[in-house]
Structure formats: structure tokens, C-alpha cells
Amino acid sequence: MKEKQSVGQIEEILANIWKEVLHVKTLDVNDRFFDLGGDSFKAEMITDICLEKGIQVTPNDIFNHRTISEIVKNMHTAGDIEKVTVMLHKTQGKKLKIKYQRDITTYLHRSIPLCAILSDERYYTWFYQHYIQLFFITYNNSFSRLEFLEPKNNFEDIFDEKYLTYADQQSDILDFVEKSVDAGTYLTINLDEYYLPQKGSFNEHHYVHQSMVFGYDKAERKLMGLGFDTNMMFKELEFDYDDFAKAYESAKTNYKLTAPWAETEAIQLLTPKSTVGEYKFDLNKFMEEIYKYLDGSNLDKSRIEKLIPLEEQQMCTDLIYGPKIYNAMVESLEKLGRDILHGLDVKGMVEQFKEKMLGDIMPAIDYRSIHLLYEHKKGLYDRFKYITGKYYTSAKLEDLLNKFNKLVEKMNTARLTFFDLEKMLRFNFNPAEVNFEDLMASFQKVIETIRTAGNSEEELLREICREFETGYKGGK
């Protein structure tokens with residue numbers, strides 16, 4: 001068991017990370033992040049480096065606490081988590097292995113299973129095989145969203161999956177969770193977040209949504225979980241037994257507005273297949289997926305039928321694939337900008353969406369699509385780095401990948417800018433106090449970044465593919 005790191009040790013680690021990211025030679029643990037030149041992008045960089053070193057710090061921690069000393073007072077480290085795991089065996093409980101992955105976090109039905117799957121390093125080869133194609137869907141009410149063109153249960157080769165309805169699970173929910181975890185099964189359960197203090201809807205309104213459970217401690221009466229917190233940050237959470245039981249019981253009667261899928265998928269059970277060994281990466285299949293994406297192919301349109309119910313498809317005006325999604329996203333962003341200028345109640349529409357899922361009047365696009373676009377670019381870069389490291393590389397190929405990484409960095413900046421804009425529109429929007437000229441200037445930067453990326457990505461990716469395939473086949 002690792003010894004818990006002291007406050008001084010953690011502060012020293014964080015100070016070195018801040019120096020590296022903020023490009024400062026000296027700093028004090030009481031220096032404020034923004035006074036040192038920090039911004040949203042640098043907060044994300046710090047978060048990623050911290051995770052590599054086993055320290056869990058979110059951008060929200062940095063924004064709220066501002067100084068290293070205050071962050072450390074309010075944080076949990078991987079060492080803490082490891083210590084809890086050991087203590088569980090001394091008390092009454094169990095905790096399954098989990099990977100706090102941040103590669104894909106936009107939608108919980110994607111991100112939560114990956115936290116279980118990627119806890120086994122052998123399955124990264126499976127991960128690199130997937131999440132390559134995209135589609136962009138627009139509804140009759142003008143709302144649009146971006147998604148991976150990826151089967152919902154794309155992990156069936158390595159994990160067993162089972163769904164239960166609320167009616168199927170009639171036993172005590174806490175007893176059921178404990179027995180499932182004891183059997184090595186991860187649970188994703190739709191809960192009414194009105195009863196969960198860790199959630200943004202706590203004591204405000206009934207909002208049924210998913211959270212994963214992967215451990216329990218009967219002595220402390222706590223469940224270990226994963227999900228979005230009060231600030232919509234994807235992170236590890238602890239649920240009190242009594243709160244969890246109330247949230248589950250309430251969800252049975254309150255799921256229809258915000259979680260209609262819970263009618264048939266109230267509980268998801270994920271269990272690793274015991275017969276699976278190392279997952280073999282299929283390079284030919286990977287390249288086939290890449291070219292389908294580049295061609296904007298709808299050859300896999302049958303996947304849509306499993307992702308988008310027929311009833312929902314009838315409410316859609318357009319389905320777009322591959323790089324063509326860039327122009328469609330720009331159009332949606334431009335419409336959103338016009339709507340804001342014309343005084344449309346964006347905050348009200350977002351709240352309506354939370355309650356109704358598909359309101360009559362909707363914002364043309366929201367942050368999730370921008371976030372997923374960045375995840376896709378970062379994912380493509382990571383996948384090409386994997387195959388160039390495993391199969392073939394060259395100076396030219398490395399140069400091309402460096403160019404693509406520049407595109408990824410610009411997309412990340414656009415993502416963070418849009419996040420700040422949407423947060424302001426949703427929570428602090430007062431037209432009388434807003435400088436619309438500055439707001440639209442920031443908005444336009446996001447649009448231009450996405451437009452520019454769309455103009456260059458396809459050609460750059462095709463060049464990367466040509467250089468890789470020519471070199472790889474020539475060397476065989």
C-alpha cells in the first residue's frame with residue numbers, strides 16, 4: 001500500500017506542474033492561478049499532468065480555489081483512493097478497478113463503460129479500434145448534435161452487458177448493488193438527482209440521469225461511483241446509502257421526462273468476459289474506418305437505426321457524416337449567434353431541454369457537440385500516434401502528425417471558449433449588462449476555428465494516410 005502523500009509533498013508536485021505549464025521560474029503556494037497567467041486551456045493541461053502523477057485535480061478545482069494551498073486543502077489523491085481500497089478489505093466492502101479516463105466524456109452512455117473497460121490496459125488496443133466515425137443530426141426544431149457513429153454496445157467482444165427495468169429489479173437496491181460488485185459487475189443506474197447532494201439538481205428539481213457504481217463500504221455506508229458533479233465535471237463520487245436508495249425509488253416514477261430510455265434500460269450491468277485475453281488490433285479495419293470517415297460514407301447507416309430510435313428519426317431533417325459535419329456545425333453556430341443577438345431566451349431554452357429533452361424551440365447547438373468534436377480530433381491524433389509507434393513512422397509522418405496536433409490544440413481552445421460562453425448564457429445572462437460586441441467576437445473566434453479546421457482536416461488526414469500506407473507497405 002502506498003503511503004498517503006503529505007500536504008507539503010503534494011504542494012511541491014503541483015508547484016512544479018504550475019511552473020511547467022505557466023512558464024514561471026518561481027511561485028508561492030498562495031499565488032493565484034490567474035495572476036500567474038492562467039486560463040482555461042492551461043487549467044486543462046495542469047489537470048491532465050496531475051492525473052498522470054496520480055493526483056485528481058479538475059479545472060473547476062483550480063477556478064474555485066485559485067491557489068495551490070487552497071486546492072490541496074480540498075482535494076483527493078490517487079493515494080487516498082488506494083488507501084480506501086485497502087481499508088475496504090479490513091471492513092465490509094469491495095471496490096472494483098476503475099480507470100478515471102478523460103478521453104471520451106461528452107455522453108455518459110459512452111464515458112461510463114470506458115471507465116470500466118480501460119481499467120484493463122490490454123483493452124486500449126480495442127479502444128484505438130473504435131470511435132473513428134461521426135454523424136451530425138439536425139431536428140425539426142433546429143437543434144443539432146454531434147455523435148460517434150459507433151454501436152452502443154461496441155464492447156460486446158470484451159464485456160457482457162445486461163439491462164434491467166425498474167420492475168425487473170424488485171429486491172433491495174443496496175443489497176443488489178453489493179452482490180453485483182461482489183460478483184465483479186459494474187452498475188450504471190438511472191437515479192433521481194434531486195436526492196443526491198453531489199448533483200446540480202439536488203433539492204431543486206427531479207432529474208433522472210445515470211451514474212456508475214463500482215464499489216461499496218458497508219461500515220461507512222457509502223457507495224463509490226462516477227458521474228457528473230454539481231459543476232458538470234465528470235469525476236469520482238461517493239453516495240450515502242440512504243440518499244442513493246431515495247434517489248433510486250424516486251427515479252421509478254420520475255424518469256419519463258428526463259430519462260425515457262430508463263423504461264427499458266434503468267440499470268446497466270457490465271461484466272468483463274473471463275475468456276478474453278489480449279485484444280488484437282486490426283490495422284486493416286482501422287484504416288477502413290478512417291476512409292469511411294473521410295469519404296463521409298453512410299455505408300454504416302444501419303448503425304444509426306440502433307442509435308436513433310425510429311420515432312426520433314422522424315423528427316430529424318438531416319443526417320451528415322464525416323468531414324461534412326464541419327459546415328453543418330458552422331451553420332448551427334451562426335444560427336445560435338443570430339438567435340442570441342435577436343434576444344432569444346437561450347437560458348430558458350436550455351432549461352426546457354433539460355426538462356423535456358426535445359422542446360418546441362431549441363438552441364441550434366450546445367457545448368456537448370463542440371466538446372465531442374475536440375474529443376474526436378484528439379482521439380484521431382492518439383490513434384495515429386499508436387499505429388505509427390507500432391507499425392511504421394518517418395520524419396515526414398511525424399511532421400504531419402505535429403501539424404494535426406496543432407489543429408487539436410486550436411480545437412481545444414475553441415471548446416474552452418465556447419464552454420465559458422455557454423456557462424455565462426445559462427447562469428449569468430443579463431442582457432442589460434452584457435457587452436454583445438465582446439460576446440460575439442468570442443463567438444466568431446469559435447466559428448472561425450471550426451471553419452478553418454474543416455477546410456484543412458480532410459487533406460491533412462489523407463496525406464497522413466498516404467505517407468503511412470506507402471511506408472508501411474513498402475517496408476513489408
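Numbering-wise (the UniProt record's numbering), the sequence shown opens with residue 1 and increments by one. C-beta atoms are modelled at their ideal positions from N, C-alpha and C, and glycine is treated no differently.
Taking three-plus beta-carbon pairs below 8 Å as touching, is the region 195 to 209 in contact with the region 161 to 172?
no
Could you give the first and the last residue of the continuous beta strand (DSSP E) run that contains G225?
Its beta strand (DSSP E) spans residues 222 to 228.
Terminal residues of the continuous alpha helix (DSSP H) containing L293?
Per the sequence shown, the amino acid found at residue 293 is Tyr instead of Leu. 283 to 294 is the extent of the alpha helix (DSSP H) around Y293.
Leaving out five residues on either side along the sequence, give the residues of the same chain with a beta carbon under 7 Å from the beta carbon of L336.
P363, A364, I365
Kindly list the residues whose CB is nearer than 6 Å to the CB of M315, restricted to its own chain and excluding five residues on each side of it in sequence; keep chain order.
Y139, N140
In chain order, what residues of the same chain have a beta carbon less than 8 Å from the beta carbon of E467, not counting five sequence neighbours either side?
Once the five neighbours on either side are set aside, the close Cβ partners of E467 are S394, K396, L397, L400.
From Y291 to N231, what distance separates their C-alpha atoms?
Spanning the alpha carbons of Y291 and N231 requires a straight line of approximately 38 Å.
Which parts of the region 288 to 340 are runs of the alpha helix (DSSP H), unbroken and 4 residues or longer, counting only runs that do not cross its ends?
Listed in chain order, they are 302 to 307, 310 to 313.
Specify the secondary structure class of G215 as computed by DSSP and reduced to three states.
strand
For K19 and K25, I'd like the C-alpha separation in whole angstroms.
Going by C-alpha positions, K19 is about 6 Å away from K25.
Taking the beta strand (DSSP E) that S144 falls in, what are its first and last residues?
144 to 148 is the span of the beta strand (DSSP E), which, as asked, contains S144.
What does V72 pair with, by DSSP beta-bridge criteria?
Paired residues: none, contrary to the question.
At what residues does the alpha helix (DSSP H) containing L117 begin and finish?
The sequence given here has Ile at residue 117, not Leu. Per DSSP, I117 belongs to the alpha helix (DSSP H) from 108 to 117.
Can you give the Cα-Cα distance for T413 and I370, rounded to whole angstroms?
11 Å
Give me, in chain order, the residues of the same chain whose beta-carbon lies closer than 8 Å to that of L36; leave out the 5 immediate sequence neighbours on both sides.
Contacts found: W18, L22, V24, L27.
Have a look at the DSSP bridge pairing and note the partners of Q210.
N190
Does the distance from the C-beta atom of V177 to that of L223 stay below 8 Å?
yes
Output the distance between the C-alpha atoms of R102 and R303, rounded to the nearest integer angstrom.
25 Å
Is the CB-CB distance between Y123 and I68 below 8 Å?
no
How would you label L310, buried or exposed, when you count the other beta carbons within 10 angstroms and need 16 or more for buried?
exposed
For the alpha helix (DSSP H) containing G389, name the first residue and the last one.
367 to 390
Does D103 come out as helix, strand or coil in the three-state DSSP assignment?
Coil at D103, not helix or strand.
Mind checking G389: buried by the 16 CB within 10 Å criterion, or exposed?
exposed
Go ahead and label S180 buried or exposed: buried means 16 or more other beta carbons lie within 10 angstroms of its beta carbon, across all protein chains shown.
buried
Just tell me which of P59, R110, D182 has its CA closest to the CA of N153.
With distances taken between Cα atoms, N153 lies closest to R110.
Using three-state DSSP, classify K354 as helix, strand or coil.
Since pLDDT at K354 reaches only 42, below the 50 mark, its modelled position is unreliable, and no value is offered.
What did DSSP end up calling T271 once you bin it into helix, strand or coil?
strand
Can you give me the C-alpha to C-alpha distance between S442 and Y386, rounded to a whole angstrom?
35 Å
Does the count of Cβ pairs from the region 192 to 202 and the region 237 to 249 closer than 8 Å reach three?
yes
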